[in-house]
Each structure stands twice: as structure tokens, then as C-alpha cells.
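Student: As numbered in our numbering, residues 241 to 1446 make up the sequence shown, in order.
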Amino acid sequence: MSQKEEIMYLKEIHMKNFKTFMKPVIISFGRGFTAVTGPNGSGKSNISDAVLFVLGPKSSRVIRAGKLTDLIFNGGKEGKPAKECECSLVFDNTDRTIPIDADEVKLTRVVKISPSDPTGYNSYFYVNEKKSTLAEFEELLANARISADSYNIVRQGDITSIVEKMTPVDIRKIIDGIAGITKFDEDIKKAEEKRAYVEDNLAKTNLILEELKNQLGTLEKDRDVALKYIELKNQLDTAKASLARKKKDSLEAEISSIKNLIETQNKEIESLKAQKTTLGDEIKALTRKKEDVEKEIIARGGEQVKKLKNEIDSIRLAIAKARDRIGELKENVNMLKGTKNATEKEIQKLEKAKANIEENLKNARDALAEAKEKNTALEGKIKELESTISKSDTEIASCQRELINVNTAIEKKLEEAKQSEVDLGKCKNLVETIELQISKAEEEIRTREFELKDAEFGLKELTANKKSSEKGIQELTAEFHKKRGEIAKLETELEKCEDSIRELTRTYNNLKAQIDARMGAETAGDAVNTILDARNRNIIQGIHGTISQLAKFDEKYSTALGVAAGQRMNAIVVDDDSVAAQCIEYLKQKKAGRAIFLPLNKILENRPRGKAVIVSKDRNCLGFAIDLLEFDKKYTNAFSYVFGDTLVMKDLDSARAVMGGVRLVTLAGELIEASGAMVGGFVQDKEKFGASAMQELDRLGKMLASKIEEAKTISETLKNAREALKKIEDEIRERNTKESTLTLSYETYIVRKKEAEKHLAEAKEQLAKLNKAKDAELKNLDRYSKICQDIQKELDNLRARKEEINTRILELTPRNLSEELKKLRAEHQQQITVKSELEAKISSLETNAKLYAERILEQKEKQKSLAEQIEKSTGEIEKLGKDAEEGEQKLATLIKVEETLNKELVHLQEQRDEIFRTINEKNAEIDKIDTKILSKNDLIISQTTKLRSVEEGLAEINIELSTYNVKIPDKLPSNEELKRIISECESAINALGAVNMKALEDYDALRNRIEELKKEYERLEDEKHNLISLVKEITEKKKTGFYKVYNAINENFKRIYAELSEGGEAELILENPDNPFDGGLHIKAKPRNKKVIRLESLSGGEKSLTGLAFIFAIQQYDPSPFYFLDEVDMFLDAVNAEIVARVIKKNSAKAQFIMISLRKVTLQYADRLYGVTLEPNGTSKVVSLELDQIKDMVDEKQKIESEGVV
């Protein structure tokens, strides 16, 4: 098999209901060159549409359809429209170019109108009759370098688009697409966006770091205060614990001697009451004295202090404003100096550029003068020769006169074009200048908006703090008066509560003594009473009571229930086993006997036995003993332990009838055990369940415990209230100081906000003016561009007419004179071109020189203005500095005056505080006297009660000691020394004021946060540098990839154009070779026997030939197995059409070519021919043709044109 036969090619196209092809059509293609022809409108271009339809272009407009449903056969003139269309491409794949293991690959696409929506459609894809997708089509064909959007398929108008519609940048972008570097643009854009995002994050992170550092400084002070507080609190607790330890030792000694003091207690009680009365009178006198001192404090701290404070605050505000303004001015001066330096550099740069322009302008003017001399000499020779020729022929003379008029018109238009180019250049430069100013204005707006937001945020925060502070002072004042009322009320309540405790204690002890005497020593239940007494005195928590105390029942069942419970009715219910263990230990210490404890967390439920359940149904059975009681459900397991499954029977006879295997008790109190043992006889009252005296004792005990707890709560509340009152006074003083500072900061931020708003409004107004100016200049730019285009069109028409006249003159001129005139005119035309280019260059240089001079002048004026601003700001800084120094001196004087006044007030405040402390101490003494009286009364009521009272005091000291988590030294200082330490520690703690204990935790957390942010800042810096490097790397790759493709296509273009034009020259020239992406790509061509000119200056046929050469160059760079060309020779004359056909014929040896053409000179080179005709019913038909049949199929107009050219 030859190499040619191994290349993949398009074997067949299948069409059904596609555009004008109604019936199923199969067009077979061989290798080599296949041509398709037919009259205009016959449907031949629909074949190329079918190829594109299957390959799936990005837009339906490429296949000449508004939407895909327009491709479906519309019924022709009389037929019925189809509901779907189908096209297939069959490729020879013996070389496996398409990665499918088959010698033939058939790609099919079907479009069906949606049955539910007539305007909608469904599109389907198939590969070798198997369902597929467009993505799979593209992937398969990519291996064969076939694409709907590449240049292996050239449509009508593609050549025209390149040579007439595309700008140099559009042409360059064709190379970009082929090189596959457009993907780099997105990568560069993403990298730049990410870089901007990273830089934004860097700025934000830096701001946050600065703010956090400021916060850390504040927190560090709070942390130091908190650490100092902890140190003082430990010293205070150690001193208090030592004092409590000494008190404990004293109480223990008192317990051993209290029995000897009983006889003297009554006398001492009277003495104590007298002392209490005396202390009460003293407290009243001190209270009046304290009120007098407070009135004097208010009188002395009135208008004078207020006025002095306002004056101090006013001076502080003025100093702060001056300092802030100095800071702003210094920052502004630095910014102005930076701008001034930048302006100086800009002036140097502009002057250097202006000098270069002036030098180029001089050279251009010299070259123009030389060109004018040559042009004048040539014009003389041409006129002399034309005069000679005109004498020989009248028609030649007429042509020459017209030629003179055309030349004059061309010169005039060239002057207009020159002026228009100058105006256009000025307009472009002005737009660029305005855009630069807009960019600066937008940056200024962003800066001012940030300043405004910062001021608004500060104001918002200060307003909230100010309102909170004012509200807090009002609330604290109200709270102060409220607390004083609460303290008075609590003192009254405590006194009443203590009276109730004394009364209840006497009643409780009397009743308990009666019960003990009645029950006797053996049955008194001393252990139970001891535990209940401990509960009532809050010595042990978690004791609920005895079983007999926790239930309610009908009195008629008391005997039966008492016998059923037995000794267990005095079992004590407690919360859990730990409470039970504490009670047992307490009984051991008191040597008070033993008791049964029922812990609720461990006691198990005692379920009834089967025999008991059966007997419970007997008619003489009153039910289970446990069911005759009412109690809280949480005690169920405890009562189940006591009563078990004991049943209550009416009488002994009924019990005997069912006895055996079950525990029974009668209403009269007889007991029959499950074993059969019987117990009976006379029942004493003490055996009855829930004796009334015991219940009363329990009730009194609970009331006493409740009152003791209430007194303890009131005492604690009173203590807390007095401490809270002191804190409120301290906080009110602190809040007043902070209020002055907040007011100062608030007014400063108000000034900053107003200045930011003013600057922002000015910047926005400037931006609006610039945008308006830009819009106006853009309209001028469009107008000048249109003028330039119109002038260029007129010039092209005049030049074409000039060429026609010259051609006619040459035809009429004798051969020898004609050759000489032709040569002179060519040389003259070349000089005119050189002259025009030089004039355009001079005009551009003069405009640029003028613009640079204006910009230099503008920059110098700006530099002068900046210098004046710097001088003005510097003078203002000096003045403000002097004002601030004078304010500082005046402020220092006023502060000294304020300190003098405050010292007098401090003396009165200390005097008031001393009276307040004295009152508290006397209240404490009264409390001690009340305690002693209560203790002595308890001793008189009962020796045991007296002893327990002292023990209670000892227990309280022990509890107090347990609250101090400190180590008590073995050798204790004196009480006076301990009290001194306590007083000093409390004073030091009070001096600390409000302590922020959370600062310890917040400081560590904030410090860790700052470290994390520093690491994040470093990471962002690294990321920023990496992104800059990445952009450089991608740009370099993009440039390398572009030049690789550009150089290859340029070489192909040069070679192919020379072949097509039979000796012509052409090349692709970049506007900016150093950075090709900042400019476009020009196509320059030199047809045979002509000079080098740009693409737009070529004739229509020359443009088409150049465009074809460009497309063939692209095709040769990126070859495809087949090419489809649709009427690419439309605008070529017969000679050039034949040259193109020969080239296609030559290239068809390496790849398959399918070409639609109306030119016979093209069709004669085809290996096979197909004709397309339009049937009367509006459908297309494909026929195989011989070359001699072509004359019937060629469009008449095209045929005449072709013959005329030939």
C-alpha cells in the first residue's frame, strides 16, 4: 500500500432532510481533488454546511442558520416540512488516525423538533451508529487535526474577512489561537487577580496587626493588674484563714470551760443588752455625722470643680486636635514631597523624550527637502515627456489633463488626511491623559472612602461607648440609692429572723426534752435525734427524715403500720451513700449510738412474693401495708425496704386463715411472720406509726433549720450588699473620669469625619468632570476616525482612477516613449510615497513635540504648586506646635489647681469612709453581742444546747477554713498583725479598682493571634513574590510559543505567495516585535513587478490571492487529512484562479481537497466533478459531471467575467 493510500480521508457525506436536500443523498469522495459546482442558489454550499453541522461549530450562524431547526428541510415550494434532519461523515480510517479500531468511522448528527415545544429541538450524536456526544466527536477528530473552527474548512467570506474586515490585532490573534497560547491569558489574568487579592490581604493583615498590637498593650496593663490582684488575694486569704484558725483555737478552749460560766450568763446577758443599746445610739450619731460630711463633700465639689473640669477638658481637646492636625499635615507634607520628586523625574523623562523627538523631526525635515527636490526633478521630466507625447495624439492630451486634475485632487486629499491624522492623534493623547487623571481620581476616592469609613467606625464605637457610659452612670446612681434602701431593709429582716430563731430554739428544746423524758433513755432514739438535729442546724446536708416522718396515712392504720415497720420506722432516708457515711462518722464523734440509713441512690426495690400477691386478693385483706401510705414516689424503694410485702388483715382470725409463707399484721397490732411465728399483746403509743409529738418535733426542727438558713442567707446578702455599695461608689468615680476622655476622642473623630466627607465630595466631583470630558473626547475620537476612513476611501478611488488614466495613456503612447514614461512615473510614485510618509511622520512628530512641551509646562506648574503647599503646611505645623506647647503649660497649671481641690475632697471622703467603717465595725459588734446572747440563752435552756451552740460556732469556723485554699503557717502572728495585713490587702485591692481577670486569658490568646498573623503576613509576602514570578514565566512561555508558530507560518506565507503570484513577495510584519501582544500583525505584499504595499492598498483580486496564501500557510503549518474550500476563487481573475487550482492539485497528492467553485479553469484540474441543481419543487439534486458539461452549470455572469479576463 502506498503512503498516499494510507492517509485518512473523507469517503462519503450522507444527507437527509438537510436544508434543500430532501431525499437521502450520498456523495462519495475519493482521495485527491474533488470539485463541486452549480448555479447560484442551487444548494451547493449546503454540502459544506452539512460538514460543519456534523463537526459542531460554536455558533449556528457559521452554518448560515439563525437556529439549528432552520437546518431541517422546510418542504420546498409545495412539499410538507420535515420534523428532523440527519447528516453523516464517513472517514477512511485504515491508518487508525481516529482512535477507533475500525477501517471506517461514521460520525452522525441528528436534530429533531421537540414534540412538546415547536420552537425547541433535541440534538443527537452517533459514532458508527452508537450514541455519542459532541465532546467525543471533538476528541476523536482532534487526533486527525480536524475542527469546525479551524482553517481546514474555508467558507465563503473567510478570505474577504481576513483581507478587508480584520484589524492587525485580529490577524495576530489568529496566530495566537493556532499557537494555543490564549489559555495563557486566562492563567495570567488569574495570577494578576490573585496577586491583587494577596496584596489587599497584606494591607488588611498589616492593619489588623497594628490594631492588635495596640490592644495587646492595653491588655498587658490589665494582665499586670490581675496578677497583682491574685497575689493580694492570696495574702488576704492567708491572713483571714490564720485569723479563723486562731478563733477556732479559742472556741475549742471555750468548750472546755463553758460549763463553769452557766451561773453568770443571766447577768452577762443584761450587760450585753445594755452594750447593744449603747452601740445602737453610737451608730445613730455616727450616721448623722456621716450624712453631714457627705453634704459638705457635695457642697465643696460643686460648681467650682465642675467649671475647672470643663476648662481642663476643653484645653485637652484643643491639644488633641492640634496634635492630630500636625500628624495629618506631616503625612501630607511627606506625600507632597514624594509627589514633587516624582514630578521632577517625570519632567526629566519628558525633556529627554522631547529632545529625541526634535532630533527625529530635524532628520525627517532634511529627508523631506531632499525628497521634494527629487520629486520636482522627476515631475519636470514627466511633464516634458508628456508634452512630447501629447503633441502626437489628442486623446492622450485629454487624458493628461484629467490626470493633472486627479493628481491635484489627490494632493488635496493627502493634505486633508494629514490634518485628520494629526487631529486623531491629538484626540487619542487627550483621551489617554484624561484616563490617567480618572485613574488617579478613583484612587483618591478609594483613599477618602477608607478615611471616612475609619472615622465613621470610630464615631460609631465612641457613640456606643459614650451612650453606654452615660447610661451606666445613671444606672449606677440609681443602683447606689437602691442598694442603700436594700441594706436598711436587710438589717431589719435579719433582726426579725434572729428573734424567730431564738423563739423556735426554746420551743424545740422544750419539746425534745419532754419526748426524751416520756420515752426514757432506752427508747429515746438518741442517734436518730442527733442526726435530725444536725440536719436542722445545717451541719449535715442531704438528710430527708425518718420513714415515719415522710408519709401520710389514715389514723386507723397507725397501730398496724407501726407494728409492721417495727424499729425500721425510725430508719433515716438520705440522698446517697456518701451522706450516710458522713452521718455514721458524725454519730461516732458524738458517741450517740447507731441508726439505720437508707441511701436513695443505692437502696433496692423489694418486690412482693407470689404467695403475698395471692393473699392480697382475699376479701378480709385490706391490702399491702405500703399501699396504705401516701409518700413521694422517690421514696418508694426506701418504704419497700421497711414494709416489704407485709399485708394488713382485718383481725387475727382472718389472718390465721391465710397464714404461712407471707407476713401479716392486723388492725389491732398482731403480727404473723412468714415463718409462722406470731407476736401480739398490748400495744404502747410509742409503737404506733408517726407519733404526733415526734411529728411536731420534726416540724419545729424543719422550721428552725429553715430560719437558720434564712438568717445565714440574709447575712450573706447584707455583706454582699455593703461590698456592692462600696464598688458602686468606686465605679461612679471611675466612670466620670472615662466620660471626659470619651468626649475628647468623640470631638476629634467628628472633625476627621467632616474633613474626610469634604475631600471625598471634591474627589467625586472631579471624577464626574473627568468622565464627562472623556465621553466628549471619545465622541470626537469616533468622529475623527470616520473622517480619516472617508478620506482614505476617496483617496483609494482617486488613485484607482489615476491608475486607469495612466494605463490608457500607456496604451495610446508609442512603445519606446511609453516604457520611458512608465519608468519615470513609477519612480515618481515612489518619491510621492516617500514624501507622504515623511510629511505624515513630521506632522506626527510636531504634534508629539507640542504635546510634550505642554506636558513639561504642566508638570513644572504642578511642581511649583507642590512647593507652595509644602511651605504652607510646614508653617502651619510650626504654629500648631507652639499652640500645643502653650496649651500643655496651661493644662499643667489647671491640673495642679484641680489636685489642690481634690486633696480637700479626698480628706472629707476619707473622713466619711472612716465613719462608714466605724459604723460597720459597731454593727459587727452588735452582731457579736446578739450571737453571745443567743449562745447564753441556749446554755440556760439546756446544757446540751449550750454546748452545741459553741460547737456550731466551731463548725462554722471549720467551714470557713475549708473555703480558704491556702496553707496556714505553724507559727501565727498576733490578731492585730493579721488584721493589719487584712486591712492593707483590702485597701490595696480596692485601690486596684475593677479588675479584668479575663485579661490573663485574653492576653495569651491575643499574643498567640498576633504571632499567627505575623506568620500569615510572611506567607502572603512569599505568595505575592511567587505570583509575580509566575506571571513573568507564563508571559515568556506565551511569547516563545507565539514566535514558534509565527516564524513557521511567515515562512510558509512567503513561499506560497511567491508560488501563487508567480514571483511576488510577501511577509507578515509585527507592529511590536519586542512585545508582539501589544500590537497587531500587518500583511505586506509585493505583487510581481510592483512595489511593496500594505494589504489594504491592494486591488480586490490581489487581496483575495494574498488572503488565500495566508490561509494555505496556516494549513501547511497545522495540516489536516482533508480540506473543504467554498468558492475561495470567487474574486480571482482567470489567470490567478488557474494558479490557485494548480497549487490545490499539487497539494492534493498529500491531502484530500474538496472545493466548491464556479470557475471552469479551476474545475478542469479536479480529479472528479459533482454538479448541484435546484429542482422545480425547490429541492437540490447532486449529479456526477464531465468537464465538457460545466458550461451548462456555471453562472452566466461569472462565466462572462472569466472570459473577459482571459
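A virtual CB, placed ideally from N, CA and C, is assigned to each residue, including glycine.
Nothing here was measured: the structure is a model prediction, and the numbers come from that model.
1) Applying the criterion that 16 or more other CB atoms from any shown protein chain within 10 Å of the CB defines a buried residue, is F922 buried or exposed?
2) So what does DSSP say about S300, is it helix, strand or coil?
3) Jot down the residue ranges of each uninterrupted beta strand (DSSP E) in the region 1259-1324, minimum 3 residues, whole runs only, in chain order.
4) CA-CA distance, R301 and K307?
5) Within the 8 Å Cβ cut-off, does M255 reach chain B?
6) Would you list the one or two residues that DSSP bridges to S1476?
7) Just how far apart, CA to CA, sit L958 and E731?
8) Which residues in the same chain have their Cβ closer than 8 Å to the Cβ of E586, if we skip the five residues on either side of it in sequence?
9) Kindly indicate the opening and closing residues of the alpha helix (DSSP H) around A897.
10) According to DSSP, which residues form a beta bridge with T906?
11) In three-state DSSP terms, what is Y1410?
12) Considering P1361, what are the terminal residues of the beta strand (DSSP E) in which it resides?
13) Out of V819, K796 and A767, which has the shortest C-alpha to C-alpha gap to H784?
14) Among S856, A481 and G833, whose alpha-carbon lies nearest the alpha-carbon of S1202?
15) For L374, which residues of its own chain have a beta-carbon under 7 Å away from its beta-carbon, when the five flanking residues on both sides are left out?
16) Report the rounded CA-to-CA distance for A607 versus L654, giving the unit in angstroms.
17) Give the single residue among D410, E683 and L329 whose Cα lies nearest to the Cα of N369.
18) So the alpha helix (DSSP H) D410 belongs to, where does it begin and stop?
19) With three or more C-beta pairs closer than 8 Å as the rule, is the region 1350-1369 touching the region 1288-1295?
20) Please name the residue, chosen from T518, K320, A1288 and T745, that lies closest to Y1357 on a Cα-to-Cα basis.
21) How about A443 and N1236: do their beta carbons lie closer than 8 Å?
22) For I418 and F273, I'd like the C-alpha separation in whole angstroms.
23) Under a three-way DSSP split, which group does V1423 fall into?
24) Helix, strand or coil: which one does DSSP assign to F1371?
25) Nearest to D1366 by CA position, among L381, D398, E252 and G270, is which residue?
26) Quick check on this structure: which residue in K516, M899 and Y1257 has the alpha carbon closest to the alpha carbon of L449?
27) Secondary structure at V1383, three-state DSSP: helix, strand or coil?
28) Roughly how many angstroms separate the alpha carbons of K529 and I1159, rounded to a whole number?
29) If you drop the 5 nearest sequence neighbours on each side, which residues of the same chain put their C-beta closer than 8 Å to that of K1090?
30) If you draw a straight line from the alpha carbon of I622 to that of N1329, how long is it in whole angstroms?
31) Check whether the Cβ atoms of E318 and N257 lie closer than 8 Å to each other.
32) Report the residue from L1414, K461 and L1403 whose alpha carbon sits nearest the alpha carbon of E1378.
33) Is the beta carbon of L790 closer than 8 Å to that of V813?
34) Quick check: the Cα distance between D1022 and D1030, rounded to an integer number of angstroms?
35) Quick one: measure Cβ to Cβ for V218 and V276, integer angstroms, because I've assumed they're closer than 8 Å.
36) Can you list, in chain order, the residues of its chain with a C-beta nearer than 7 Å to that of E1079? Leave out the 5 residues immediately preceding and following it.
Tutor: In this structure, then:
1) So F922 ends up on the exposed side.
2) Confidence in S300 is poor, its pLDDT being 46 and thus under 50, which makes the residue's placement unreliable; the coordinate value appears in the next sentence. Helix, per DSSP.
3) Whole beta strand (DSSP E) segments, 3+ residues: 1305-1310.
4) In this prediction, R301 scores a pLDDT of 42, lower than 50, which makes its location untrustworthy; the coordinate-derived value is nonetheless stated afterwards. R301 and K307: Cα-Cα distance of roughly 8 Å.
5) The chain labelled as chain B is not found in the depicted structure, where only one protein chain is given.
6) Residue 1476 lies beyond the stretch modelled for the chain, which goes from 241 to 1446, so this question has no answer here.
7) Approximately 7 Å between the Cα atoms of the pair.
8) Non-local C-beta neighbours of E586 in its own chain, meaning closer than 8 Å and more than five positions away in sequence, comprise Q1099, ordered along the chain.
9) Start and end: L892 to V898.
10) DSSP, once it has assigned bridges, lists M889 as partnering T906.
11) Assigned with DSSP and collapsed to three states, Y1410 falls in strand.
12) Counting along the chain, P1361 falls outside any beta strand (DSSP E), and DSSP gives it neither H nor E.
13) Nearest of V819, K796 and A767 to H784, Cα basis: V819.
14) Comparing Cα-Cα distances from S1202 to each of S856, A481 and G833, the minimum goes to A481.
15) Closer than 7 Å at the Cβ level, and outside the excluded window around L374, lie G296 and F365.
16) Going from the Cα of A607 to the Cα of L654 covers about 19 Å.
17) Here residue 369 turns out to be Glu, not Asn, going by the sequence shown. Among D410, E683 and L329, the Cα nearest to that of E369 belongs to L329.
18) For D410, the enclosing alpha helix (DSSP H) begins and ends at P408 to A419.
19) With the cut-off at 8 Å, the region 1288-1295 and the region 1350-1369 touch.
20) Out of T518, K320, A1288 and T745, A1288 has the C-alpha closest to the C-alpha of Y1357.
21) Not closer than 8 Å, so no.
22) The alpha-carbon atoms of I418 and F273 are separated by roughly 26 Å.
23) Strand, per DSSP.
24) Three-state result, F1371: coil.
25) Residue D398 is the option with its Cα nearest to D1366.
26) The shortest C-alpha separation from L449 is found at Y1257.
27) In the three-state reduction of the DSSP assignment, V1383 falls in the helix class.
28) Those two C-alpha atoms are separated by around 11 Å.
29) Non-local beta-carbon contacts of K1090 in its own chain, meaning distances under 8 Å to residues more than five positions away in sequence, are absent.
30) Computed Cα separation, rounded: 21 Å.
31) Against a cut-off of 8 Å, the Cβ pair of N257 and E318 comes out as no contact.
32) Considering only alpha carbons, the answer is L1403.
33) The Cβ atoms of V813 and L790 sit closer than 8 Å to each other.
34) Cα to Cα, the separation comes out at about 12 Å.
35) Summary: the structure shown does not reach residue 218, with the chain confined to residues 241 through 1446, and so no result is reported for it.
36) Short of 7 Å from the beta carbon of E1079, and not among the five residues preceding or following it, lie these beta carbons of its own chain, in chain order: L608 and K658.
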